[in-house]
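A.B. asks: Residue 291 in this note's numbering sits at position 291 of the sequence shown, and the numbers go up by one each step.
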Amino acid sequence: MMKLETLKINKKRILEPKVLITAGLTVLLIIGAIFLGKVFKEYYFWQETKDLYTAAMEDKTIDYSFLKPFRKWEVGDLEDVDARSAITLAVNGTKKIVFEKNPQRILPIASLTKIMTAYVALKNYQLDDTIVITPKIVATEEPTGYFRIGETFTVEELLHSMLIESSNDAAVAISEIMGEEKFVAEMNREAERMGLKHSYYIDPVGLDPDYENEPYNYSTAQDIAQLVSEILEESRDNPQIAKLFEITREKSYKINMSNGAFHHEAYTTNKILKEFPDMIGGKTGQTPNAKECFMVILPQPKNKGYLVNVILGSNNRFSEMKKIINWLNKAFVW
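(1) Should Val308 and Ser258 be called a contact, given that it needs their Cβ atoms to be closer than 8 Å?
(2) What would DSSP say about His160, mapped onto helix, strand or coil?
(3) At a cut of 8 Å, does the stretch 151 to 171 reach the stretch 180 to 189 through at least three beta carbon pairs?
(4) Checking contacts by CB at 8 Å: is Ala110 closer than that to chain D?
(5) According to the Cβ coordinates, are Gly285 and Ala110 closer than 8 Å?
(6) Kindly list the residues whose CB is nearer than 7 Å to the CB of Ala315, restricted to its own chain and excluding five residues on each side of it in sequence; keep chain order.
(7) Going by the CB atoms, is the gap between Leu112 and Lys283 shorter than 8 Å?
(8) Taking Cβ to Cβ, would you say Ile164 is nearer than 8 Å to Phe147?
(9) Over what stretch of residues does the alpha helix (DSSP H) that includes Phe294 continue unbroken?
(10) Look at the Cβ atom of Ala173, then the Cβ atom of Val310, and state whether they are nearer than 8 Å.
(11) Quick one: using the 10 Å Cβ neighbour count with 16 as the cut-off for buried, is Gly150 buried or exposed?
(12) Compare the beta carbon distance of Gly305 and Asn168 with 8 Å and say whether it is the shorter of the two.
(13) Cα-Cα, which of Ile280, Arg236, Met162 is closest to Thr144?
(14) If you reduce the DSSP assignment to three classes, tell me which class Tyr125 lands in.
(15) Who are the near neighbours of Ser199 in its chain, counting only those whose CB is closer than 6 Å to its CB and skipping five residues on each side?
(16) Flag this pair as yes or no: are the beta carbons of Ala117 and Ser175 separated by less than 8 Å?
(17) Give me the Cα-Cα distance between Arg317 and Met295, rounded to the nearest whole angstrom.
(18) Go to Phe99, then tell me how far its beta strand (DSSP E) extends in each direction, as first and last residue.
(19) Is it the case that the Cβ atoms of Leu328 and Thr88 are separated by a distance below 8 Å?
(20) Below 8 Å on the Cβ atoms is my guess for Ala86 versus Lys101; work out the distance and round it to an integer in Å.
(21) Quick one: complete alpha helix (DSSP H) runs, 4+ long, within the stretch 157 to 221?
(22) Sorted by chain position, which residues of the same chain lie with C-beta nearer than 8 Å to Trp334's C-beta, five sequence neighbours on each side aside?
(23) Tell me His264's beta-bridge partners as DSSP assigns them.
(24) In terms of alpha-carbon separation, which member of Val184, Pro108, Glu275 lies closest to Asn124?
(25) Look at the Cβ atom of Leu244, then the Cβ atom of Ile231, and state whether they are nearer than 8 Å.
(26) Indicate the three-state DSSP secondary structure (helix, strand or coil) for Ala225 in the structure shown.
(27) Is Asn329 close to the ligand FAD? I mean its beta-carbon at under 7 Å from any heavy atom of the ligand.
(28) Within the continuous alpha helix (DSSP H) that includes Asn326, where are the two ends?
(29) Do you know offhand how far Asn289's Cα is from Arg189's?
(30) For Arg105, I'd like the list of residues in its chain whose CB is within less than 7 Å of its CB, leaving aside the five on either flank, ordered along the chain.
(31) Just to confirm before moving on: does the CB-CB distance between Phe99 and Ile280 stay below 8 Å?
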């Protein structure tokens, strides 16, 4: 004869699948509610934005300019950007992301590093400070600039070499005035101060590591856009900081040594600079790991402000940047 305790245990075991099914259905309902809530929220945001655009176009008595840029919904989304990450940040008192693809993906940044290198140099040095080229400097990988041991250059000339022709030697030389280790620590302090939460520097250049699992300079498209916007803001009241992007607008520059003797002519790595004469600034970068990287600053169409465009991990940075710029002009009312 079956004992009462055994009967209770067996009955409990029979009910367990029902309990599991009920729990599973409850979880599915919760997930479904969250998903639908997100969908409805995005739909109503889209609808509200579209209505604002319609009102701005139809009612000329009300000034909606403070809400610009408006999205023109008859123009489709830009989906055929192959870069690993990209962003366009509209800066005009406020900051608004108007295009993005994986903007917070952490990636190697190659010579976009030199934006921060130049910023730290301009904050801490005088333009006429000098540095003698050492064996360590000329031993840097990819020695663009043809610097030779014993030559002396000012910070201003080295900045031109670093930002126009993307010279690695010039970047290391700039850091050596302070001492590379101290200089890189200052780069990371500035990144922290600016709130660049996903950026870290180990050198002033942006080289790939020699071996797998070694550290390297990394950031995100969004962090770089934030860095650039911070520098632009500071440039308004600081002519020396403003030199950074002024230099990047130069198509070529004659590099002289500190004694005034001509050394060589630097030519820009920015192949679309001629196509955008109103470009405010730009910087290229490329390594095998980082692939092709590009940052471009343009004025907002018909409006005061900037468009900070960043591409990371591209196979064709110049054509992709032009694709983004052309789409922005069509997809928004500025």
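No residue lacks a Cβ here, since even glycine has one placed at the ideal position from N, Cα and C.
C.D. replies: According to the structure shown:
(1) Looking up residue 308 in the sequence shown gives position 308. Looking up residue 258 in the sequence shown gives position 258. Their beta carbons are not under 8 Å apart, which means Val308 does not touch Ser258 by this criterion.
(2) For the purposes of this step, residue 160 is taken as the residue at position 160 of the sequence shown. Helix.
(3) Contact between the stretch 151 to 171 and the stretch 180 to 189 is absent, because fewer than three Cβ pairs lie under 8 Å.
(4) The structure shown has no chain D; it contains just one protein chain.
(5) Counting from one through the sequence shown, the residue named residue 285 turns up at place 285. Counting from one through the sequence shown, the residue named residue 110 turns up at place 110. For Gly285 and Ala110, yes; Cβs fall inside 8 Å.
(6) Position 315 of the sequence shown holds residue 315. According to the sequence shown, residue 315 is Asn rather than Ala. Result list for Asn315: Asp82, Lys291, Glu292, in chain order.
(7) Locating residue 283 in the sequence shown gives position 283, counting from the first residue. Locating residue 112 in the sequence shown gives position 112, counting from the first residue. In this structure, Leu112 lies closer than 8 Å to Lys283 by Cβ.
(8) Residue 164 sits at position 164 when you count from the first residue of the sequence shown. Residue 147 sits at position 147 when you count from the first residue of the sequence shown. The beta carbons of Ile164 and Phe147 sit no closer together than 8 Å.
(9) The residue you call residue 294 lines up with position 294 of the sequence shown. Per DSSP, Phe294 lies in no alpha helix (DSSP H); the unbroken beta strand (DSSP E) holding it starts and ends at 291 to 299.
(10) As a working note, residue 173 is residue 173 in the sequence shown. As a working note, residue 310 is residue 310 in the sequence shown. Cβ distance not < 8 Å, so Ala173 and Val310 don't count as in contact.
(11) As a position in the sequence shown, residue 150 is number 150, starting the count at 1. Of the residues assessed, Gly150 falls on the exposed side of the cut-off, its CB having fewer than 16 other CB atoms within 10 angstroms.
(12) For the purposes of this step, residue 305 is taken as the residue at position 305 of the sequence shown. For the purposes of this step, residue 168 is taken as the residue at position 168 of the sequence shown. Contact flag unset, no.
(13) Taking the sequence shown and counting its residues from 1, the one referred to as residue 144 is at position 144. The residue with the shortest Cα to Cα distance from Thr144 is Met162.
(14) Numbered from its first residue, the sequence shown carries residue 125 at position 125. It is coil, neither helix nor strand.
(15) As a working note, residue 199 is residue 199 in the sequence shown. Here the set comprises Ala191, Ser219, Asp223.
(16) As a position in the sequence shown, residue 117 is number 117, starting the count at 1. As a position in the sequence shown, residue 175 is number 175, starting the count at 1. In the sequence as presented, Ala is not what sits at residue 117; that position holds Thr. A contact, by the Cβ cut-off of 8 Å.
(17) As a working mapping, residue 317 is identified with position 317 in the sequence shown. As a working mapping, residue 295 is identified with position 295 in the sequence shown. Rounded to the nearest angstrom, the two C-alpha atoms are 9 Å apart.
(18) In the sequence shown, the residue the question calls residue 99 occupies position 99. Its beta strand (DSSP E) spans residues 94 to 101.
(19) What you label residue 328 is simply residue 328 of the sequence shown in a count that begins at 1. What you label residue 88 is simply residue 88 of the sequence shown in a count that begins at 1. The Cβ atoms of Leu328 and Thr88 sit closer than 8 Å to each other.
(20) For the purposes of this step, residue 86 is taken as residue 86 along the sequence shown, with counting starting at 1. For the purposes of this step, residue 101 is taken as residue 101 along the sequence shown, with counting starting at 1. So it is a contact: roughly 5 Å between Cβ atoms.
(21) Taking only runs of at least 4 residues, the alpha helix (DSSP H) segments lying wholly in the stretch 157 to 221 are 168 to 178, 180 to 193.
(22) Here residue 334 refers to the residue found at position 334 when the sequence shown is read from its first residue. Cβ within range, chain order: Lys68, Pro69, Gln300, Pro301, Lys302, Asn303.
(23) For the purposes of this step, residue 264 is taken as residue 264 along the sequence shown, with counting starting at 1. BP columns for His264 point to Ile255.
(24) For the purposes of this step, residue 124 is identified with residue 124 of the sequence shown, where counting begins at 1. Measuring from the Cα of Asn124, the nearest candidate turns out to be Val184.
(25) Walking along the sequence shown from the start, residue 244 turns up at place 244. Walking along the sequence shown from the start, residue 231 turns up at place 231. Yes, the Cβ-Cβ distance between Leu244 and Ile231 is below 8 Å.
(26) The sequence position of residue 225 within the sequence shown is 225, counting from 1. Under the three-state reduction of DSSP, Ala225 is assigned to helix.
(27) No copy of the ligand FAD occurs in the structure displayed, which carries no ligand at all.
(28) As a first step, residue 326 is located in the sequence shown; it is residue number 326 there, counting from the start. The continuous alpha helix (DSSP H) containing Asn326 extends over residues 317 to 331.
(29) Here the question's residue 289 lines up with position 289 in the sequence shown. Here the question's residue 189 lines up with position 189 in the sequence shown. If I take the Cα positions, the gap works out to 25 Å.
(30) On the sequence shown, position 105 is the one that residue 105 refers to. So the qualifying residues of the chain are Arg84, Ser85, Thr220.
(31) Within the sequence shown, residue 99 is the residue found at index 99, counting from 1. Within the sequence shown, residue 280 is the residue found at index 280, counting from 1. Contact flag unset, no.
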